[in-house]
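Residue numbers (the numbering used here), protein chains in the order written: chain Z, 1172 to 1524; chain L, 1172 to 1524; chain X, 1172 to 1524; chain A, 1172 to 1524. Working notes for the structure below.
There are 4 protein chains.
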Amino acid sequence: MGNSFGKLFKLSTFGESHGKAIGGIIDGCPAGLQLDIKAIQKELNRRKPGQSAIVTQRKEPDTVEFLSGIFEGATTGTPIGFLIKNTNQKSKDYSAIKDTFRPSHADFTYTKKYGIRDYRGGGRSSARETANWIVAGAIAKQLLSEMKINAYTSSVGDIFLEKPYQELNFNLIESNVVRCPDESYAKKMIAKIKEIKKQGDTIGGTITCVIQNVPIGLGEPVFDKLHARLGMAMLSINAVKGFEYGSGFCGAKMKGSTHNDAFNTDGTTKTNLSGGIQGGISNGMDIYFRVAFKPVATLLQKYNTIDNHGNLVTMQGKGRHDPCVVPRAVPIVEALAAMVLADFYLLQKSNKL
Amino acid sequence: MGNSFGKLFKLSTFGESHGKAIGGIIDGCPAGLQLDIKAIQKELNRRKPGQSAIVTQRKEPDTVEFLSGIFEGATTGTPIGFLIKNTNQKSKDYSAIKDTFRPSHADFTYTKKYGIRDYRGGGRSSARETANWIVAGAIAKQLLSEMKINAYTSSVGDIFLEKPYQELNFNLIESNVVRCPDESYAKKMIAKIKEIKKQGDTIGGTITCVIQNVPIGLGEPVFDKLHARLGMAMLSINAVKGFEYGSGFCGAKMKGSTHNDAFNTDGTTKTNLSGGIQGGISNGMDIYFRVAFKPVATLLQKYNTIDNHGNLVTMQGKGRHDPCVVPRAVPIVEALAAMVLADFYLLQKSNKL
Amino acid sequence: MGNSFGKLFKLSTFGESHGKAIGGIIDGCPAGLQLDIKAIQKELNRRKPGQSAIVTQRKEPDTVEFLSGIFEGATTGTPIGFLIKNTNQKSKDYSAIKDTFRPSHADFTYTKKYGIRDYRGGGRSSARETANWIVAGAIAKQLLSEMKINAYTSSVGDIFLEKPYQELNFNLIESNVVRCPDESYAKKMIAKIKEIKKQGDTIGGTITCVIQNVPIGLGEPVFDKLHARLGMAMLSINAVKGFEYGSGFCGAKMKGSTHNDAFNTDGTTKTNLSGGIQGGISNGMDIYFRVAFKPVATLLQKYNTIDNHGNLVTMQGKGRHDPCVVPRAVPIVEALAAMVLADFYLLQKSNKL
Amino acid sequence: MGNSFGKLFKLSTFGESHGKAIGGIIDGCPAGLQLDIKAIQKELNRRKPGQSAIVTQRKEPDTVEFLSGIFEGATTGTPIGFLIKNTNQKSKDYSAIKDTFRPSHADFTYTKKYGIRDYRGGGRSSARETANWIVAGAIAKQLLSEMKINAYTSSVGDIFLEKPYQELNFNLIESNVVRCPDESYAKKMIAKIKEIKKQGDTIGGTITCVIQNVPIGLGEPVFDKLHARLGMAMLSINAVKGFEYGSGFCGAKMKGSTHNDAFNTDGTTKTNLSGGIQGGISNGMDIYFRVAFKPVATLLQKYNTIDNHGNLVTMQGKGRHDPCVVPRAVPIVEALAAMVLADFYLLQKSNKL
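What follows is the structure in structure tokens.
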């Protein structure tokens, strides 16, 4: 049942990595929004495979096709149906992997949960699904055009961009293939990924996201706090293992006298360890959070694993896979953040008389 | 709108810290569950104020009163209504704080969002609400009696319990007031909190939670992944700034060849960096996660802040507050984990023919 | 699970007829609504037992007690918790009915569904639950103060008020105990009910509801059409067997050339067989619908039935029951209509830019 | 937002009558169901235009194409995405109707609600959408293969099939184009529709639906009663004005002593005025209900109406429209009934321990 996201701005999706198509329905986008379709495709291109030397070399155009809900360039208030065809399906022989469970993939859990599994690639558990999220997120961004949502790669392995976001120029995020807005760190990260790739190995990393110009009042406590929904959204992304916002895990080491954000007389705060959210509601300061990605599980190495019957088998990873998921995940983080904000933006319209 | 939690095992709550009562409705608890009411009250007692020298000295019995849904000791399948009366209400003079926004509290955001705020204490944003969650969590625990859910304090400030959970004896969690299952670390943590309290200051910390004997197959990808719902639940708790499961933020520094969990022939895994969840679905291994709490915002110190009209005012923190929220949050973490698992346990019943 | 109603203006309820209390939580009522508590109690009094000679003589004050969400007379945007205590509980001996299934009651189905049943009275299936709905509906009415919602008794048995609603004076609805706004029909209906009561029998009837001053645009096709949600709401009321709006079942006999509502140049229509709703969305004309109630199942007669083990048993209906449910159901119809409209009123705020 | 139906067996849809395609996502269908795709297409063929002389002569194949969630012939537990392409789109000139509001259509309300409307045909308000429902309903039927769901035309205009359903042979429903299981009445109905068609007029009618072999216990009181959800579903169908189940509106004229259904010792009842549902829960007896359809609003006649600016305009109805919606609505009624039952069938799995 868990294939819908959001309450008023709501995305429902379908699709397996090697089926005919993936796609979705966006329900609740307000009528009258002039859509920039090229901007949507541009976001998809930021996520698509084959875009640079440090990501998977698989080629898929990932072209979105809209089927409803848009008329003469604008949203009509009716559901927006869309498709992204899977052009890279191969009628290849899957018999080798059919009954095999790859380590740290979802093969085992899907098979046990459902008693059946689409064994051609990752099926539903593939990150290919996130292309759907990009589409909805790109529309959400256009709905929230006043807000600025910028994500960037803040670490790869043990290379950490050690600068607060205030010192970064977000315009540089797209200037390099790893999507790190600091050229010198970007170079180190790219070198790291290339080295790891050569080993047939993979590496984890983190993404930081900053949201600016957020109106005061978004978030619905006590169970739909703004940061709780952002966290849930980020933890939905394949390979994510952690989420922190504002002071995050560092905040757990601090004293209250250092951590509290004193007010200025205009209602802004002198510091922002709260991360732009207090009591689950945006306070108008920048929202920022960090997301941890584990290394991709598919290695281009020989490995042992088991099959359906509990037999040990030796497999050889091959194909075209990402050595590091982080560069392509940057637009996904932004897309989900935009969807969460769009939902709260609409929910907040009925909060008071 | 955000005052309901869960899909099939669903809690809806109400109540302000200084109103007549808080309470809730649990809808969807299966019929025929023999309830141990004393065990529910016992969980509430683990959370209640005044239980030890290192928590707030406020005295409230926090007695739960059930109003429906239970007949002759068992659940009937109809909604379970319950109340916890606020016995500690004082008809005191709130005029001093009425128009004042305490730093890093929700006073400012509630007022801006709703245009009105119950200024007697924290109102709806008070952690008093979590007593409601304990009630529902305690019932969820009884529904899931085969699973073992244990949370404990794993750090206070910079004192970290540096032992993997496998080396700990969970029976010792309740043996000390800080709820750390290692006596020597517990002593250090308690001393730390006492020292901080003497300063009129507060301190953050982390809680680790381990869930054992989880059946394979819980979790509903792609938007209701088990860890995403656990993360959302934990981020709903007052003062939480971060969540990580399995390898967490450490995993983001690792290589795939180290991070992958190789299978044993029985379907268990040799390591468990996945944290018991793969593709958003439980794989039968232990689930474990860590939650970061910021220091409590209320300090027993003098501080500057602003009022409703943007005037600078000087306030003096007083009253009976927690110097560290972590010891009392341990049962809250367990309660929310139990509710999430109960919901997926019920949802999973319709997954396959 | 089915104990919540509405999406944005949402009521969740609990309670059995002979438990300690019934009650509910209203989530999503906008902040800043000045509540007239007396008006809420007045609506409850319209529904309560013992108010006239033609309804049950059971005496219950049905006093609502608010526990949260209201501060200094106004809603705060946080959930409104409320209770109605059951004062008429008797520690009587239920052993006779404990294992018996009354015909056309829910005793049999509740027992079979849940495996257990609160056999003291109707338990959860009792119409006592509708007192909760009155509370939420009375608040919804205050939110929608510009709309006029009037329900009235339009038939009792075969006595039909044969006048279109436009010829009636809604101010007369409360002028007689059967709630029929035509004095001469009211007399006949009251006489009918008294006659039926004398026989120890019961009788069915219908209620018509008219909603005026509805803004254009309420309703969310294709699955939350305004009339579909009204219909679902009405069919939730105990004893309801049918719902029709606008031309209703009569419309099914008509030709399109007679049925179509021609426009005036101001967008109103010359006729209103559509019943104020086109395509599931209000068009600004009066909404009107009719609800059919079966006769109450509890007779003050001797009857045969079965027990839990399939044995035939003879029972004697006794106690204080309604000979006709319709007079007391009038405020319930209005309350549910108000809740449906309040929900759509809030949902509609995010429909367009 | 209102484009999803169901809680566990959930359909979300999109599509306008003259867009590229309509389609949907079925989320929550249990894994392991062997699907008979031909049977699904067969249901679509029962609804499709052009199938007989008494329905619209528009030709559309209405071929369903599945995109996901089915693997090697069986459902996988992941969402089932599907498309039905609109092959009958014409690049015709819509300028004449662009700003015109047809009487008793949704042109006016959609324009007022959303500020914009896809004016090519009915857009989202077109009954073309119901083809999506047929797909989901056909899958629900396969899930509920033990239950028998039969709908049939029970009246056209003033021609009423005056036989209780027990005297009918449901195998005859498909033996004639009006879908009435009594040949002599069918002839009269067909003649009536042909006569009406010749006049350029349209006519209303009713459909009766009977559901047999329903397990005891389906339905979730108090707000998701089985008949309330059935009613809501039926009222979602274009042109429906009324719904009644069991004794329905007739029951409102009856006395309790006649209306009550006495038990047999095996838990069945001697009569079934309850219509197979008591307290909102199925009791194992046949469920039956009746649905009223108004006459189609599109007439092949000249008529007066208004445009966007409030000018009176004269229009001429033309094209290929249904003179009576009822014959093609028979499979739609069945489809929605099947979806409601499938949802409750899954929900009921978690009702008791």
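For every residue, glycine included, the Cβ atom is placed at its ideal position computed from N, Cα and C. No experiment lies behind these values; they were computed from the predicted model shown.
query, result
"With 16 other Cβ atoms within 10 Å as the buried cut-off, status of Leu1518(X)", "buried"
"Cβ of Met1172(A) within 8 Å of any chain X Cβ", "yes"
"Stretch-stretch touch, CB-based, cutoff 8 Å, three pairs: the stretch 1484-1491 of chain X with the stretch 1279-1290 of chain X", "no"
"CB contact below 8 Å: Gln1383(Z) versus chain C", "Looking at the structure shown, chain C is missing, and the protein chains on hand are Z, L, X and A."
"Contacts of Glu1300(X) in chain A (Cβ-Cβ under 7 Å)", "Val1393"
"Sequence-distant residues of the same chain with beta carbon closer than 6 Å to Lys1319(A), five excluded per side", "Gln1383, Asn1384"
"Alpha helix (DSSP H) runs contained entirely in the stretch 1373-1406 of chain A, provided each spans 4 or more residues", "1397-1406"
"For Gln1205(A): DSSP bridge partner residues", "Ala1245(A)"
"Alpha-carbon to alpha-carbon, Leu1339(X) and Asn1443(X)", "17 Å"
"Entirely enclosed alpha helix (DSSP H) segments - the stretch 1280-1354 of chain Z, minimum 4 residues", "1301-1314"
"Unbroken beta strand (DSSP E) run spanning Glu1236(Z), endpoints", "1235-1237"
"Contacting residues, own chain, Cβ-Cβ under 6 Å from Ala1311(A) (five flanking each side not counted)", "Ala1509, Met1510, Ala1513"
"Contacting positions in the stretch 1414-1433 of chain L - beta carbon closer than 7 Å to chain Z", "Phe1414, Glu1415, Tyr1416, Gly1417, Ser1418, Gly1419, Phe1420, Gly1422, Ala1423, Lys1424, Met1425, Lys1426, Gly1427, Ser1428, His1430, Asn1431, Asp1432, Ala1433"
"Three-state secondary structure (DSSP) of Leu1483(X)", "strand"
"heavy atom of the ligand FMN below 7 Å from Asp1198(A) C-beta", "The ligand FMN is absent from the structure shown, which contains no ligands of any kind."
"Segments assigned beta strand (DSSP E), at least 3 residues, entirely inside the stretch 1445-1486 of chain A", "1458-1464, 1473-1478"
"Residues from the stretch 1175-1191 of chain L in contact with chain A, defined by Cβ distance under 9 Å", "Lys1178, Leu1179, Phe1180"
"Against chain A: residues of the stretch 1228-1247 of chain Z by CB proximity under 7 Å", "Leu1238, Ser1239, Gly1240, Phe1242, Ala1245, Thr1247"
"Range covered by the beta strand (DSSP E) that runs through Val1411(A)", "1411-1416"
"Proximal residues, the stretch 1498-1522 of chain L versus chain Z, C-beta separation under 7 Å", "Leu1518, Asn1522"
"Glu1187(Z) and Gly1413(L) closer than 8 Å at C-beta", "no"
"Within chain Z, the residues that Ala1307(L) reaches when beta carbons sit closer than 7 Å", "Those do not exist, as Ala1307(L) stays about 12 Å from chain Z at its closest Cβ, beyond 7 Å."
"N-terminal and C-terminal residue of the alpha helix (DSSP H) that Ser1275(X) is part of", "It is not in any alpha helix (DSSP H) - Ser1275(X) carries neither H nor E in the DSSP assignment."
"Buried or exposed by the 16-neighbour rule on C-beta atoms within 10 Å, applied to Thr1436(A)", "exposed"
"Test item: CB-CB of Ala1423(Z) and Gly1376(L) under 8 Å", "yes"
"Rounded straight-line distance, which links the Cα of Arg1400(A) to that of Ala1410(Z)", "40 Å"
"Cβ of Leu1204(Z) within 8 Å of any chain X Cβ", "yes"
"Touching by the beta-carbon criterion (3+ pairs, under 8 Å), the stretch 1236-1247 of chain L and the stretch 1213-1221 of chain L", "no"
"Counted within 10 angstroms of its Cβ, other Cβ atoms place Ala1309(Z) as buried (16 or more) or exposed", "buried"
"Nearest to Ala1362(X) (by Cα), restricted to the options Lys1441(X), Val1381(X), Pro1335(X), Asp1329(X)", "Asp1329(X)"
"Neighbour flag for Ile1408(A) against chain Z, beta carbons, 8 Å", "no"
"Residues near Asn1174(X) by beta carbon distance below 8 Å, same chain, minus five either side", "Ser1183, Thr1184, Phe1185"
"Minimum Cβ-Cβ distance from Ile1452(X) to chain A less than 8 Å", "yes"
"Any chain L beta carbon closer than 8 Å to Gly1375(Z)", "yes"
"Chain-ordered chain X contacts of Pro1201(Z) [CB-CB under 8 Å]", "Ser1521, Asn1522, Lys1523, Leu1524"
"Residue of Gly1388(L), Asp1478(L), Ile1193(L), Leu1397(L) minimising C-alpha distance to Gly1451(L)", "Leu1397(L)"
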